[in-house]
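Protein chains in written order, with the working numbering: chain A, 5 to 221; chain B, 53 to 178. Below you'll find the structure, written out as structure tokens, and then a few comments.
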């Protein structure tokens, strides 16, 4: 039986095969980041999660695969160093304290970069006090939060409340796998925008840019 | 729940599980017992999370998800339902010791009962 491209990618991640995984992505006919993230990276990592849940692979396999996926994302989608940061809009991305699932928000960060934003990506588990301190100094227009495990959800309220109250009034985006399954609105209290998938973030970004353009007209 | 000692309660729940089915020792050994303690710590942690989020769905979904995983390891849904029953017993024993009614206990019990009911319908449909 023929296997899907996402499954092929999942296998390369699980084999720890960095070189082949890179080559495989570069060979894809559509090199648009959104398409690659949506159709290949995300389903490949979901498959790996399912294999782990079904006890078909171990934690070690899953960690190896995550490492390869992380490497491929960093290698393929790096920001060019000569780009000027002047007048760029700024966005920062982090996972709530305790949250280790950072690949999704890494992809979101990459989408923002592709759209011309200057970004800071903080990876897994960032305690609120440090997120606040960094945001206070850097003054990003957008702060993206990610949460994937229910255990880590109770702190969401505090993050949203504290970050939304920053003097420069950033927009707070909330994403992660829990947003697909649950209504997180009660924990966001109208102070943040819930993003359920990659397409929604793209749509939000387009609308944001459009509003900006209209505001200057 | 002023002094709500999860470790002690988990220990008591595990005792009850092994008392009810002594063959578990032969089948899964000491490793199984350690796993049982670990699982029960997760049950309590999930109860606490659902309580903090004020939404029992988080615990019920966890129960359904966990049941699926446990079945792959050859554990029956009934075993998980018994486990939840024992948590209720231990919580109520704990409640008796306190002078005032503890809302956390009643909410936990409610979530556990809901989860048992959902697992029951799963068993019945097989």
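Every residue gets a Cβ at the ideal spot worked out from N, C-alpha and C, and that includes glycine. Everything numeric in this text was worked out from a predicted model, so none of it was measured.
Rounded to a whole number of angstroms, what is the C-alpha to C-alpha distance between residue i and residue j?
{"i": "residue 192 (chain A)", "j": "residue 175 (chain A)", "result": "12 Å"}
{"i": "residue 62 (chain B)", "j": "residue 110 (chain B)", "result": "20 Å"}
{"i": "residue 166 (chain B)", "j": "residue 88 (chain B)", "result": "21 Å"}
{"i": "residue 189 (chain A)", "j": "residue 38 (chain A)", "result": "26 Å"}
{"i": "residue 220 (chain A)", "j": "residue 93 (chain A)", "result": "15 Å"}
{"i": "residue 116 (chain A)", "j": "residue 127 (chain B)", "result": "46 Å"}
{"i": "residue 10 (chain A)", "j": "residue 56 (chain B)", "result": "46 Å"}
{"i": "residue 157 (chain A)", "j": "residue 101 (chain B)", "result": "8 Å"}
{"i": "residue 8 (chain A)", "j": "residue 218 (chain A)", "result": "43 Å"}
{"i": "residue 61 (chain A)", "j": "residue 75 (chain B)", "result": "29 Å"}
{"i": "residue 170 (chain B)", "j": "residue 124 (chain A)", "result": "44 Å"}
{"i": "residue 105 (chain B)", "j": "residue 166 (chain A)", "result": "18 Å"}
{"i": "residue 112 (chain A)", "j": "residue 202 (chain A)", "result": "7 Å"}
{"i": "residue 32 (chain A)", "j": "residue 74 (chain A)", "result": "18 Å"}
{"i": "residue 168 (chain B)", "j": "residue 113 (chain B)", "result": "12 Å"}
{"i": "residue 67 (chain B)", "j": "residue 60 (chain B)", "result": "11 Å"}
{"i": "residue 122 (chain A)", "j": "residue 65 (chain A)", "result": "34 Å"}
{"i": "residue 25 (chain A)", "j": "residue 80 (chain A)", "result": "11 Å"}
{"i": "residue 23 (chain A)", "j": "residue 118 (chain A)", "result": "24 Å"}
{"i": "residue 178 (chain B)", "j": "residue 129 (chain B)", "result": "11 Å"}
{"i": "residue 223 (chain A)", "j": "residue 72 (chain B)", "result": "A question about residue 223 (chain A) goes unanswered here, because the residues of chain A that appear run from 5 up to 221."}
So with Cβ pairs under 7 Å, would you call residue i a contact of chain B?
{"i": "residue 178 (chain A)", "result": "no"}
{"i": "residue 63 (chain A)", "result": "no"}
{"i": "residue 131 (chain A)", "result": "no"}
{"i": "residue 194 (chain A)", "result": "no"}
Which chain A residues are close to residue i, counting only those with a beta carbon under 8 Å from its beta carbon?
{"i": "residue 97 (chain B)", "result": "155"}
Does any CB atom of chain A fall closer than 7 Å to the CB of residue i?
{"i": "residue 105 (chain B)", "result": "yes"}
{"i": "residue 53 (chain B)", "result": "Note that residue 53 (chain B) scores 48 on pLDDT, short of 50, meaning its location in the model is unreliable; the coordinates nonetheless yield the value given after this. So no, residue 53 (chain B) is outside the interface."}
{"i": "residue 101 (chain B)", "result": "yes"}
What in chain A is Cβ-close to residue i, meaning under 9 Å?
{"i": "residue 114 (chain B)", "result": "154"}
{"i": "residue 110 (chain B)", "result": "154, 157, 186"}
Can you list the residues of chain B that residue i reaches, using a CB-CB cut of under 9 Å?
{"i": "residue 57 (chain A)", "result": "117, 120, 121, 124"}
Decide if residue i is buried, meaning its Cβ has at least 16 other Cβ atoms within 10 Å, or exposed.
{"i": "residue 155 (chain B)", "result": "exposed"}
{"i": "residue 52 (chain A)", "result": "buried"}
{"i": "residue 150 (chain A)", "result": "buried"}
{"i": "residue 77 (chain B)", "result": "exposed"}
{"i": "residue 140 (chain A)", "result": "exposed"}
{"i": "residue 67 (chain A)", "result": "exposed"}
{"i": "residue 133 (chain A)", "result": "exposed"}
{"i": "residue 107 (chain B)", "result": "buried"}
{"i": "residue 173 (chain B)", "result": "exposed"}
{"i": "residue 98 (chain B)", "result": "buried"}
{"i": "residue 50 (chain A)", "result": "exposed"}
{"i": "residue 97 (chain A)", "result": "buried"}
{"i": "residue 152 (chain A)", "result": "buried"}
Less than 6 Å separating the Cβ of residue i from some heavy atom of the ligand MN?
{"i": "residue 71 (chain A)", "result": "You won't find the ligand MN in this model; it holds no ligand whatsoever."}
Three CB pairs or more closer than 8 Å across the region 157-164 of chain B and the region 129-145 of chain B: yes
The region 135-148 of chain A contacting the region 172-187 of chain A, beta-carbon criterion three pairs below 8 Å: Taking 8 Å as the limit for Cβ pairs, the verdict is that the region 172-187 of chain A does touch the region 135-148 of chain A.
Inter-stretch contact at 8 Å, needing at least 3 Cβ pairs: the region 98-110 of chain A / the region 127-140 of chain A: yes
contact_flag[the region 141-155 of chain B, the region 116-131 of chain B] where n(CB pairs < 8 Å) is 3 or more: no
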